[in-house]
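One structure is given here, and the rest of the page talks about it.
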């Protein structure tokens, strides 16, 4: 039987509907949780039952080195102007193996930026100037 090594976390790419910028240094996917609701009727045994409640999807955080591309900032700017419904996008996070083949795909639905943050500047440093965009969403599903 062939050995299946875990995928490395540094080989990935993003596909964002309608946006060409796709080079990111870091992507963080928030957790998905389903609330448990305690419930008990008067005739039940002396313990509560657990019912399923709302499912919540954590935010996605993107970080990238600043270039002359403003596509992601423009997306955030449209949201600030109140154009949320027309600017929800599907985002795909693809994890690749060492040969560059797609091995895992996470599809994020109805995503839109809720936070934009450029990093600080320091005249004595030599780090890359980083932008951060935090996306809210209505679903994260692993499809591959």
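Numbering (my numbering), first residue to last: 62 to 205.
Note that CB positions come from ideal geometry on N, CA and C, so glycine has one too.
Fair warning: this is a prediction, and the values are worked out from it, not measured in the lab.
Please tell me whether, using a cut-off of 7 Å, the distance from the CB of residue i to the nearest non-hydrogen atom of the ligand SAM is below it.
i: residue 196; result: Ligands in the displayed structure: none, and consequently the ligand SAM is not present.
Can you tell me where the alpha helix (DSSP H) holding residue i begins and where it ends?
i: residue 138; result: 132 to 141
Where does residue i sit, in a helix, a strand or coil, going by DSSP?
i: residue 147; result: helix
i: residue 89; result: strand
i: residue 158; result: coil
i: residue 71; result: coil
i: residue 96; result: strand
i: residue 153; result: strand
i: residue 188; result: coil
Once you ignore the five residues that flank residue i on each side, which residues in its own chain have a CB closer than 7 Å to its CB?
i: residue 84; result: 125
i: residue 180; result: 190, 191
Can you find the residues in the same chain that come closer than 6 Å, C-beta to C-beta, to residue i, ignoring five residues on each side of it along the sequence?
i: residue 127; result: 190, 192
i: residue 199; result: 170, 171
i: residue 111; result: 97
i: residue 91; result: 119, 120
Excluding five sequence neighbours on each side, which residues of the same chain lie with their C-beta closer than 8 Å to the C-beta of residue i?
i: residue 72; result: 156, 157, 158, 159, 161
Which stretch, first to last residue, makes up the beta strand (DSSP E) that contains residue i?
i: residue 126; result: 121 to 126
i: residue 110; result: 110 to 118
i: residue 163; result: 163 to 179
i: residue 80; result: Here residue 80 belongs to no beta strand (DSSP E), and DSSP marks it neither H nor E.
i: residue 193; result: 191 to 197
i: residue 102; result: Run containing residue 102: none; DSSP gives neither H nor E here.
i: residue 202; result: 201 to 203
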